[in-house]
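**Q** Under our numbering, think of the first position of the sequence shown as 95, with each following residue one higher.
So that we are looking at the same thing, I have put the structure below in structure tokens.
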Amino acid sequence: MIEAARAGLPHDILLDEIIPARAAWDHAAQRGETLRIFDMEGNQAVDFLLYAADDDSERYSAQDTIAAQQNIFLRTGSVLMSNEGRPMARIAATTVAYHDTIGGACSCESNTLRYGHHTKSQHACVDNFLLANARHGRSKRDIVANINWFMNVPVEADGTLGIVDGISAPGLYVDLEFLMDVVIVISNCPQINNPCNGFNPTPVRVLIASGAGSRP
Ligand SMILES: [Zn+2]
């Protein structure tokens, strides 16, 4: 019997790792490979950036992705576009209704503004992005608007944004099929001041398979 975390993926698994709670992670992946992000304990936001492997001035663009698909939410079939208008990856499958790409990444600065000065020393996604990007020679100016897998940011009729209780659950996942060679940068979100992680950051599992992932 195939383990739930691998169900639907090709059998040739190139990588299978746990990203600890609050940690940064980065990895290179090739065109045609599939990344699965598996929410082990549920309601864990996974902040995510993508850079072209050949030239990292080309990177994920929330604006181009939203404009291309004429929708703000990421669902099965969504194509992640670069700032040069090229497709970088496609959501081959996801068991979560939708994912966010407008809520941004948490930082010490935004935490202090929103939740008070006592949060200044708390670890944040921007710290993780800086750490992971530094390994590739990138800096603050290379951090752009990101994806928040598993994060629920509903938009009200008047345009108001909320960061509310998650719609993910233990064992839900997203499969991304890469359409170019990329470098993946992840912050397993450490936020404890709003419900995006259920006030309890937890580990997530990442798997990379050679070849396309499951199809709904
Ligand atoms: Zn965060």
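Backbone N, C-alpha and C fix where the C-beta goes; we use that ideal spot for every residue, glycine too.
Mind the definition here: the stretch 168-180 touches the stretch 288-297 only if three or more C-beta pairs lie below 8 Å; say whether that holds.
**A** Segments in contact, no.
**Q** Run the CB neighbour count on L86, radius 10 Å, all protein chains shown included, and call it buried at 16 or more, exposed below.
**A** An answer regarding residue 86 cannot be provided, because it is not within the stretch 95 to 310 covered by the chain.
**Q** Within 8 Å, do at least three Cβ pairs link the stretch 187-200 to the stretch 245-255?
**A** In short, these stretches touch, since the Cβ pair count reaches three.
**Q** Rounded to a whole number of angstroms, what is the C-alpha to C-alpha distance between P297 and A239?
**A** Mapped onto the sequence shown, residue 297 falls at position 203. Mapped onto the sequence shown, residue 239 falls at position 145. Those two C-alpha atoms are separated by around 23 Å.
**Q** What residue range is occupied by the uninterrupted alpha helix (DSSP H) comprising N242?
**A** Residue 242 sits at position 148 when you count from the first residue of the sequence shown. From DSSP, N242 is part of no alpha helix (DSSP H) but of the beta strand (DSSP E) over I241 to W243.
**Q** Using 10 angstroms around the beta-carbon of T128, count the other beta-carbons present and answer buried if the total reaches 16, otherwise exposed.
**A** Translated into positions along the sequence shown, residue 128 becomes position 34. The residue is buried, with at least 16 neighbouring Cβ atoms inside 10 Å.
**Q** Quick one: which unbroken alpha helix (DSSP H) runs of 4-plus residues sit fully inside the stretch 177-264? Chain order, please.
**A** Counting whole runs of 4 or more residues, the stretch 177-264 contains the alpha helix (DSSP H) stretches 202-209 and 219-228.
**Q** Let me confirm a value: A161 is counted as buried when at least 16 other C-beta atoms fall within 10 Å, else exposed. Which label applies?
**A** By 1-based counting over the sequence shown, the position of residue 161 is 67. By the neighbour-count rule (16 or more Cβ atoms within 10 Å), A161 is not buried but exposed.
**Q** Is the distance from the Cβ of E111 to the Cβ of V300 below 7 Å?
**A** As a working note, residue 111 is residue 17 in the sequence shown. As a working note, residue 300 is residue 206 in the sequence shown. Yes, Cβ-Cβ distance for E111 and V300 is below 7 Å.
**Q** Taking the alpha-carbon of G136 as reference, which of P264, S215, N287 and Q163 has the nearest alpha-carbon?
**A** Numbered from its first residue, the sequence shown carries residue 136 at position 42. G136 has its Cα closest to that of P264, out of P264, S215, N287 and Q163.
**Q** Measuring straight from C-alpha to C-alpha, what distance separates P114 and D158?
**A** The residue given as residue 114 occupies position 20 in the sequence shown. The residue given as residue 158 occupies position 64 in the sequence shown. Their backbone Cα atoms lie some 31 Å apart in a straight line.
**Q** Identify the residues that DSSP records as bridge partners of D133: which are they?
**A** Working through the sequence shown from its first residue, we reach residue 133 at position 39. DSSP output for D133 lists L266 as bridge partner(s).
**Q** Measuring straight from C-alpha to C-alpha, what distance separates L143 and D150?
**A** The sequence position of residue 143 within the sequence shown is 49, counting from 1. The sequence position of residue 150 within the sequence shown is 56, counting from 1. For L143 and D150, the distance between alpha carbons rounds to 11 Å.
**Q** With respect to the beta strand (DSSP E) encompassing D120, which residues constitute its N-terminal and C-terminal limits?
**A** Along the sequence shown, one-based indexing puts residue 120 at 26. D120 -> beta strand (DSSP E) spans A118 to A123.
**Q** Hey, which residues come within less than 5 Å of ligand 1, measuring from Cβ to any heavy atom, in chain order?
**A** That gives C200, C219, C283 and Q285.
**Q** Only counting the same chain, and skipping five residues up and downstream in sequence, which positions put a Cβ closer than 8 Å to that of V272?
**A** In the sequence shown, counting from the first residue as 1, residue 272 sits at position 178. In the sequence as displayed, the identity of residue 272 is Phe instead of Val. Here the set comprises A123, Q124, R125, G126, E127, T128, L129, M182 and A183.
**Q** Alpha carbon to alpha carbon, what distance is there between S176 and I237?
**A** Counting from one through the sequence shown, the residue named residue 237 turns up at place 143. Counting from one through the sequence shown, the residue named residue 176 turns up at place 82. If I take the Cα positions, the gap works out to 14 Å.
**Q** Using the Cα positions of C200 and G305, report the straight-line distance between them to the nearest angstrom.
**A** Sequence index remark: in the sequence shown, residue 200 carries index 106 (1-based). Sequence index remark: in the sequence shown, residue 305 carries index 211 (1-based). Their Cα atoms are separated by approximately 33 Å.
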